[in-house]
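Here the sequence shown stands for residues -28 to -1, 1 to 1066, where the numbers follow mature numbering (1 follows the signal peptide of the UniProt record, and there is no 0). Taking it in order: structure first as structure tokens, then the write-up.
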Amino acid sequence: MRRNSSWAIFGGLLSQVLFWTQLKLANASISDSDVIVVEGAGASFPVYLYDQAFFAYLSTSEDHVDEEEDLSGIAFEYIGKGSGKGKCRIMDHATECDEDDDTHPILVDFAGSDSLLKEANYAEYPDLQMYPTVAGAVVPIYNLDHVLDYDEELVLTMKILAEIFTFNITSWADQAILDENPGTIAAKLANMTDSTIEVAVRKTYSGTTEIFTKALADACPSFAAQVGGSSLPDWVASPNLHHEYPWQMGAYVNQVPGAIGYLVLAEADLLGLPYAKIHRENDVVVKASYKSVYYAAAELGASFGNTGENSKRLTANLFGANGDRAWPITGYTYLVMRKTTTREEGSCAHRQAVVKFWDWFYTSDLALELVESYGFSPLCPVAQEIVLNRLREDIYCSDGTLAYPDLEKPTSLGIMLPKFLHEKLEDIFEVAEEHAEYPLHIYINDSTSASAVEALVHHSTDISIMSDLGDAHVEEGDDTNIVRIPYIGIAFVVDFNLETAGIESLELSVDLIRDIFNGVITVWNHPSLSAMNPDLVLVNASIIVVPPSEQEMEELDLVLEARYGSPLGYTGPFSDHEQDSIMAVTIKDYSISIMHLSQHASVHVASVLGPDGETAVYPSLDHVLSCGLDTYHPETDTFVFPESSVASCYPLSIVYYIETFRDEFVEGVDSCGEDAMPVLKAKLLWWLVGEKNLDNALETAKYASLAHFDEEVHEATYERLMLLTCNGKSILTLDVNYQLLPAWSLGFSIFLAVLTTAGGLAYLAYMFIYRKNKIIRYSQPVFMGILVLGCITLTFSLIPLSLDDHFIEYYDILHELHLDQDTPGLDRACQAVPWLYCIGFAMEFSALFAKVWRLKKIMTQKKLRKIKITTQQLIPVLVGMVGLAVVVLSLWQVLAPLHWERVPVTWDLDGTMTRSYGRCTSTAFPQFFGMFVGIQLSALVYGMVLCYQTRHVQSEFMEGKWISIILVNIATTLMFSVLLGFFVKDQPAAIFAVATVNVSMLGFGVMALMCLPKCWTHYLSITDPSVLDSRTNGASASGAAAVSRIGHNQQHRGGGGVSVSSKHGGKAANSSSLPTNAKIIVVSSPSPAVAPPI
């Protein structure tokens, strides 16, 4: 820690003088006629930080919304004379400031304040608004340099501080101080020659003082009673030493041994003054730092309204955080502005400059570095987004336009719920925030439901959870624009501890409860109690009333007033947390208290006389729900539990609703997109009440879910959710994933079929027109025609595969699901797919196979003899393959026909099918599908073997090479389709994509590979007829060589030479070189080629 000294004080003051000189010189370089000077005044708490931030903002374009903006014509001036001087200026200097307060500037564009505005201020100046800027620590500074060493730090408690500043502790040698500083420090303090504590405080309105005194008042009731917490409290009179400005206080403490005062952490560090650590009640010693301030801000920073003000004013107390590492004297410093009033001599440009600067301040990394360097903490993310939203939409110019409308508003969603409910359902709302995928701020309402209504009406929150009794009741209608949805039923229970007496059950009437908690009945064996509970006659013990939670008692009073006409009337003390009451009753014999029915309570609860006045009803979820059997009003979708006359209704039950705005309007082109606030809110509400996935969690917490009370309420809940609109259009749609095929699937399938058909017909026409051409004659036109028809047939199988049940509404929001709907059209489509695909495949493959098989038949003759293989002889091969496909398909059609079905994948607890897919299936689908795949792969393997065996034979126009390529392509495509299809079998769009690739390759692709090379050769032959001779001659020579090799092989087997002749008697090339005893092979072909055409 830096040790204080006069030189440190002087250095701190000098640094400020130098800084202000630098800033003034920078501003002086601008012509007075061109400059826009933004004036501010007020809190000294953040003055050093603000000064450096202004300088950084004007010196760099880093993190600016518009990095090209010229800031040379803008200057900032901020005078830190105290929060009071700033607040009076932003309102009206002439009427609100002191007469002798003439410090420049008089007129300001914004003010800084650590203290809050008063109700009278808001009433007189309705457009006043406070915006927290940073959180900071106020630290107790002291001067014990003459006693303690440099590395020895004083430790105090909040109570000791309070006692010092009320002069109940006046000596550094007080035993309370010594106890907190054991060892050498205590010894030194005890041996001080003069141990008198000299107290220094501020004498003017100071936000620093307000933070300091409010924290002490919160921690110490005696301080609250004597001094209070305010910006100018009633300090104990003499011998306090008052100082107007913080540096005066710092100078005093620095110069006076034994003095103590308070400063902002940044001021203490700048002036080199030591400050005390705080020993918290949780036995943790905390030192003021950026981190300890951040812990306090993170815990309480977004709890707007915990000051007792309307949460819309964006004020929050940060002192008293429960976190072990949080600094207990922490507070916000605020920016104070007029939302619609431009100062005298000001302009819209001034207001725009203010908004732009603060927008930069909240969002800039550079500003964040400055904040941390001065020991302050930035706003927590949720608070920052709330404040930014408000700042950007609050500040207007005098002409009614937003000061800076181009700034993007961050998205966050606020939900307000009672404190007790948050404690019980904290896990649910943590999951809700994860589900929301955007910041979800939970406002804790520690007051009545009426406060939640006010917060909703004033747009301080987006969603409120509240009861509908008393002042919280709001009639729905066009004027209120509110949607109310029943959420949970809650039971108030009377818990007791009579274990010592061996009593585990208790029956009470409401009158008895009232008498116990108002002190009328004070013993357990009171005649009125023992009359209903005979076992209590022998329990001669006093009743110990454990203080209940104030919020619970206020809500219970609403129930009692509605049902019995009068509240409980309890006037005793209250506990801070319901869990405290539970624990107290658990450990205290003969105790009693009131709380909510809770899964955490391990104590016994009493039965209460029901609506009939005779039946004692035990508080259970079923008995809470019984209250709704005769109290539901469908016209308003509300329950009125106090009206129930059902004997089993637990009478101390209340309904909590979720309420929000029905219609919301957002400006912008994509104003109602997925990230729009109304859309995000509607989705969160759907998750909270539209589905039943939270019912079990609510019941575990002992809350009765009402959104799905019965079918009528269930339907009404959905209807209410459907009322939520954005810019007049309904937001929620059924979130069910049918995994339907893309809308373009059918169109693409038809396009591919038409393209293949057109190409095929064009080639058939080409063959007919040029039927005498050598190319056509060599290609065996009959088999080419069969191949083309097979390709067309196979391609048409994609059309029925592109159909699905998009026209069927499987899920009606008000009715159950029906997955067994009759779909004869889709059933026929399913059956058509294998017929078209398999018949087409058999036709195209048999044509290719016949070509290869013909050559193999000729090339593998064991005896060289004249053979004649005609096209007619190959037809049986084609008929056999197609016939086999027809037989298998017929068996499939008869034994287990394909049909359409929709397969559910996931359901929610509401019975909603959240994900499903449609498919064609049958009882024997795996067997027949596997059979077809096996047959096709076997045939392809055999075909590729034949191609390999005849690989040395060159056919006319390289047709054999193309057939080999096609068969390999078909095999590869088929295996790829089967394997990939297996992994995406429950994803129709992926299955369709695989099928599209398969059909395209096996249909259009095969046809293109067989037909286009012939068309290209024909095209070349038109300008160069020698192309035909060169290609056929080459083939002939090669064919002769191949046949020569056959003859050579035959010779080794004992045969003679081979002489090859055509049908027309022509000699083969180089025939003279063949053995003279060769036999003649005659191939019947329309081609004159030596080698047989394939």
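C-beta: ideal position from N, C-alpha, C; glycine also.
For this session: For the alpha helix (DSSP H) containing residue 1068, list its first residue and its last residue.
Result: Any property of residue 1068 remains undetermined from this structure, which presents the chain solely from -28 to 1066.
Problem set entry | DSSP three-state assignment for residue 618, whether helix, strand or coil | In the sequence shown, residue 618 corresponds to position 646, counting from 1. Residue state, collapsed to three classes: coil.
For this session: Rounded to whole angstroms, what's the CA-CA distance from residue 331 to residue 28? Just pull it up for me.
Result: As a first step, residue 331 must be located in the sequence shown, where it is residue number 359. As a first step, residue 28 must be located in the sequence shown, where it is residue number 56. Going from the Cα of residue 331 to the Cα of residue 28 covers about 14 Å.
Exercise. Taking the alpha carbon of residue 348 as the point to measure from, which residue in 557, 575, 322, 262 has its own alpha carbon closest?
Worked result: Taking the first residue of the sequence shown as position 1, residue 348 is located at position 376. When each option's Cα is compared against that of residue 348, the closest is 262.
Exercise. If residue 728 and residue 979 are in contact, beta carbons under 8 Å, what's the gap, nearest whole angstrom?
Worked result: Taking the first residue of the sequence shown as 1, we reach residue 728 at position 756. Taking the first residue of the sequence shown as 1, we reach residue 979 at position 1007. The pair is a contact, with the Cβ atoms about 7 Å apart (cut-off 8 Å).
Problem set entry | Other residues of its chain near residue 604: CB distance less than 6 Å, five sequence neighbours each side excluded | Against the sequence shown, residue 604 aligns to sequence position 632. For residue 604, where only same-chain residues beyond five positions count, the Cβ hits under 6 Å are 611.
Exercise. How would you label residue 154, buried or exposed, when you count the other beta carbons within 10 angstroms and need 16 or more for buried?
Worked result: Position 182 of the sequence shown, counted from the first residue, corresponds to residue 154. Classification of residue 154: exposed, given that the 10 Å Cβ count is below 16.
Problem set entry | Cβ separation of residue 523 and residue 390, assumed to be a contact under 8 Å, to the nearest whole Å | Within the sequence shown, the letter at position 551 stands for residue 523. Within the sequence shown, the letter at position 418 stands for residue 390. Sure, about 6 Å apart at Cβ, within 8 Å.
For this session: Could you tell me whether the Cβ atoms of residue 115 and residue 229 are closer together than 8 Å?
Result: For the purposes of this step, residue 115 is taken as the residue at position 143 of the sequence shown. For the purposes of this step, residue 229 is taken as the residue at position 257 of the sequence shown. Contact: yes.
For this session: Would you decide whether residue 873 is buried or exposed? Buried here means 16 or more other CB atoms lie within 10 Å of its CB.
Result: Here residue 873 refers to the residue found at position 901 when the sequence shown is read from its first residue. Buried, because 16 or more other Cβ atoms sit within 10 Å of the Cβ of residue 873.
For this session: Report yes if the C-beta distance between residue 82 and residue 258 is below 8 Å; otherwise report no.
Result: As a position in the sequence shown, residue 82 is number 110, starting the count at 1. As a position in the sequence shown, residue 258 is number 286, starting the count at 1. It is not a contact, given that the beta carbons lie outside the stated cut-off.
Problem set entry | At least three beta-carbon pairs within less than 8 Å, the segment 666 to 685 to the segment 473 to 480 | no
For this session: Label residue 994 either buried or exposed according to how many other C-beta atoms from any shown protein chain fall within 10 Å of its C-beta, with 16 as the threshold for buried.
Result: Sequence index remark: in the sequence shown, residue 994 carries index 1022 (1-based). Flag for residue 994 reads exposed.
Problem set entry | Euclidean distance between Cα positions of residue 990 and residue 971 | Translated into positions along the sequence shown, residue 990 becomes position 1018. Translated into positions along the sequence shown, residue 971 becomes position 999. Rounded to whole angstroms, residue 990 to residue 971 spans 28 Å at the Cα level.
Problem set entry | Continuous beta strand (DSSP E) assignments of at least 3 residues falling wholly in the segment 215 to 272 | 231 to 236, 249 to 251
Problem set entry | First through last residue of the alpha helix (DSSP H) which encompasses residue 978 | Position 1006 of the sequence shown, counted from the start, is the residue given in the question as residue 978. Residue 978 -> alpha helix (DSSP H) spans 978 to 995.
Exercise. Hey, is the segment 606 to 621 in contact with the segment 502 to 521, meaning 3+ C-beta pairs nearer than 8 Å?
Worked result: no
Exercise. From 197, 394, 296, 271, pick the residue whose C-alpha is nearest to that of residue 353; which is it?
Worked result: Residue numbering aside, residue 353 sits at position 381 when the sequence shown is read from its first letter. Comparing Cα positions, the closest option is 271.
For this session: Examine the Cβ distances between the segment 940 to 950 and the segment 719 to 726 and report whether three or more of them are shorter than 8 Å.
Result: no
For this session: Decide yes or no for the touch test of the segment 14 to 23 against the segment 303 to 317: beta carbon pairs closer than 8 Å, at least 3 of them.
Result: yes
For this session: Kindly list the residues whose CB is nearer than 6 Å to the CB of residue -27, restricted to its own chain and excluding five residues on each side of it in sequence; keep chain order.
Result: Reading the sequence shown from its first residue, position 2 is the one you call residue -27. Because residue -27 sits at a pLDDT of 41, beneath the cut-off of 50, its placement in the model cannot be relied upon, and the point is left open.
Exercise. To the nearest whole angstrom, what separates the beta carbons of residue 162 and residue 150, a pair I think is in contact under 8 Å?
Worked result: Taking the sequence shown and counting its residues from 1, one reaches residue 162 at position 190. Taking the sequence shown and counting its residues from 1, one reaches residue 150 at position 178. Confirmed, about 6 Å.
For this session: Kindly indicate which three-state DSSP category residue 777 falls into: helix, strand or coil?
Result: Numbered from its first residue, the sequence shown carries residue 777 at position 805. Correct three-state label for residue 777: coil.
Exercise. If you draw a straight line from the alpha carbon of residue 737 to that of residue 756, how long is it in whole angstroms?
Worked result: Against the sequence shown, residue 737 aligns to sequence position 765. Against the sequence shown, residue 756 aligns to sequence position 784. Rounded to whole angstroms, residue 737 to residue 756 spans 12 Å at the Cα level.
Problem set entry | Cβ contact (3+ pairs, closer than 8 Å) linking the segment 275 to 285 and the segment 309 to 319 | no
Exercise. Counting pairs of Cβ atoms below 8 Å between the segment 360 to 367 and the segment 525 to 545, do you hit three or more?
Worked result: no
Exercise. Starting from residue 46 and walking both ways along the beta strand (DSSP E), at which residues does that stretch end?
Worked result: Start at 1 with the first residue of the sequence shown, and residue 46 comes out as number 74. Per DSSP, the unbroken beta strand (DSSP E) holding residue 46 starts and ends at 46 to 51.
Exercise. Of all the options 286, 559, 525, which has the alpha carbon lying nearest to the alpha carbon of residue 469?
Worked result: Counting from 1 along the sequence shown, the entry for residue 469 is found at position 497. Of the candidates 286, 559, 525, the one whose C-alpha sits nearest the C-alpha of residue 469 is 559.
Exercise. Going by the beta-carbon positions, is the gap between residue 618 and residue 599 smaller than 8 Å?
Worked result: Numbered from 1 along the sequence shown, position 646 holds the residue referred to as residue 618. Numbered from 1 along the sequence shown, position 627 holds the residue referred to as residue 599. In contact: residue 618 and residue 599 (Cβ atoms closer than 8 Å).
Exercise. What's the call for residue 743, buried or exposed, on a 16-neighbour Cβ count within 10 Å?
Worked result: Residue numbering aside, residue 743 sits at position 771 when the sequence shown is read from its first letter. Under this definition residue 743 is an exposed residue.
Exercise. Three or more C-beta pairs closer than 8 Å, one from the segment 860 to 874 and one from the segment 687 to 702: is that the case here?
Worked result: no
Problem set entry | Rounded separation between residue 536 and residue 582 - CA only | Numbered from its first residue, the sequence shown carries residue 536 at position 564. Numbered from its first residue, the sequence shown carries residue 582 at position 610. Going from the Cα of residue 536 to the Cα of residue 582 covers about 12 Å.
Exercise. Any C-beta of chain B sitting closer than 8 Å to the C-beta of residue 566?
Worked result: Reference to chain B is not applicable here, since this structure consists of a single protein chain.
Problem set entry | Exposure of residue 103, with buried meaning 16 or more beta-carbon neighbours within 10 Å | Here residue 103 corresponds to residue number 131 of the sequence shown, with the count starting at 1. Its Cβ being crowded by 16 or more others within 10 Å, residue 103 is buried.
Exercise. Does DSSP put residue 346 in a helix, a strand or coil?
Worked result: Taking the first residue of the sequence shown as 1, we reach residue 346 at position 374. If DSSP states are grouped into helix, strand and coil, residue 346 belongs with coil.
Problem set entry | For residue 635, the three-state DSSP class (helix, strand or coil) | Mapped onto the sequence shown, residue 635 falls at position 663. Here residue 635 sits in strand by DSSP.
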